[in-house]
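Just below is one structure, and these are the notes that go with it.
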Amino acid sequence: MMRYYLDILEDAARYELMVNFHGSTVPRGWSRTYPHLMSMEAVYGGEQYNNQEYMTTKGAWHNTLLPFTRNVIGPMDYTPVAFTNSQHAHTTTYSHELALAVLFESGIQHLADRPQGFDQLPDPAKFMLKEVPNAWDETQFLAGYPGKEAVIARRKAGLWYVAGINGEDRSKKISIPFHFLTKGKTYRAELIADGEYDSGFNVKYITVKERDALEVECLPRGGFTLILNEM
């Protein structure tokens with residue numbers, strides 16, 4: 001089976017094709033030899049919202065484990081950012097789902113919901129999904145603990161994205177430090193956070209600096225995305 005993976009990668013390189021192994025083993029460093037390997041699944045991912053009742057109660061908790069475990073060893077095709085329900089309703093908020101596009105790293109970030117799931121989103125969320133990079137220049141862990149919460153900052157050129165999720169069944173405030181920003185610079189920040197209910201959003205525009213900190217109110221199993229651009 002391992003030889004089969006490598007044969008595919010050799011053939012794909014010859015024909016200049018990108019590769020996503022879905023339903024696969026875990027990454028084994030192959031992207032260093034074969035940079036056209038964009039992603040591998042090897043995770044209990046977003047499709048399980050449809051296939052298993054487990055994700056109805058444990059989805060948010062499970063999502064906070066992955067930045068500390070599976071995604072550490074390589075790109076992860078979780079198929080994140082699902083807003084609609086199929087066989088089993090999922091209990092993560094819309095803002096939690098949106099944050100996964102940044103929180104989870106994958107060279108192909110495969111958003112696998114129905115078209116109407118994205119059509120119903122407010123414009124800031126739609127624009128964020130259209131513009132979010134699929135490769136990053138820098139990543140910094142900001143806060144979190146497996147099963148409780150996770151907050152990660154990622155940079156592409158001069159633009160920073162910060163994504164955070166709440167893995168617990170209670171509301172909480174999550175603090176965002178900004179020590180990763182350039183000292184002496186001011187940034188315009190767009191915050192897309194939980195609204196008053198699971199499918200709602202609260203969008204704010206603020207300015208922040210390197211010495212600032214921001215507390216974001218998250219619903220149970222909620223989350224947020226923060227986009228920072230230097231002024």
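Sequential numbering from 1 applies to the sequence shown in our numbering. Backbone N, C-alpha and C define an ideal beta-carbon position, used for all residues, glycine too.
Buried or exposed for Y54, please, with buried defined as at least 16 other CB atoms from any protein chain shown within 10 angstroms of its CB. exposed
Have a look at H96 and M40 and give me their C-alpha separation to the nearest angstrom. Spanning the two alpha carbons is a distance of roughly 22 Å.
Classify G107 as buried or exposed, calling it buried when 16 or more other Cβ atoms lie within 10 Å of its own Cβ. buried
Which residues in the same chain as P233 place their Cβ atom closer than 7 Å to its Cβ, once the five residues preceding and following it in sequence are excluded? Because the chain here runs from 1 to 231, residue 233 falls outside it and cannot be looked at.
For F141, which residues in the same chain have their Cβ closer than 7 Å to its Cβ, ignoring the five residues on either side in sequence? Here the set comprises I152.
Just to confirm my understanding: we take A99, look at its own chain, exclude 5 residues before and 5 after, and list those with CB closer than 7 Å. What are they? A163, G164, I165, G223, F224 and T225
In the DSSP assignment, what are the bridge partners of K126? Paired residues: none, contrary to the question.
Contacts around M143, its chain only, beta-carbon distance under 6 Å, and the 5 residues preceding and following it disregarded: The residue you asked about is not Met; residue 143 is Ala in the sequence shown. Closer than 6 Å at Cβ, skipping near neighbours: V151.
Of the choices D123, A82 and A125, whose alpha-carbon is the least far from that of A60? A82
Which residue or residues does DSSP assign as beta-bridge partners of T186? T186 is bridged to K209.
On the criterion of 16 or more Cβ atoms from any shown chain inside 10 Å, does M38 qualify as buried, or is it exposed? buried
Rank P124, S199 and L191 by C-alpha distance to the C-alpha of T207 and give the top, closest one. Ranking P124, S199 and L191 by CA distance to the CA of T207 puts L191 first.
Hey, how far is the Cα of A189 from the Cα of M1? 47 Å
Between the C-alpha atoms of N71 and F104, what's the straight-line distance to the nearest angstrom? Answer to the nearest angstrom: the Cα atoms are 7 Å apart.
What first and last residue would you give for the alpha helix (DSSP H) that runs through F118? P115 to D119
Integer-rounded CB distance, given that A13 should sit under 8 Å from Y34: 6 Å
Does the beta-carbon of V102 have 16 or more other beta-carbons within 10 angstroms, so that it is buried, or is it exposed? Buried: at least 16 other Cβ atoms inside 10 Å.
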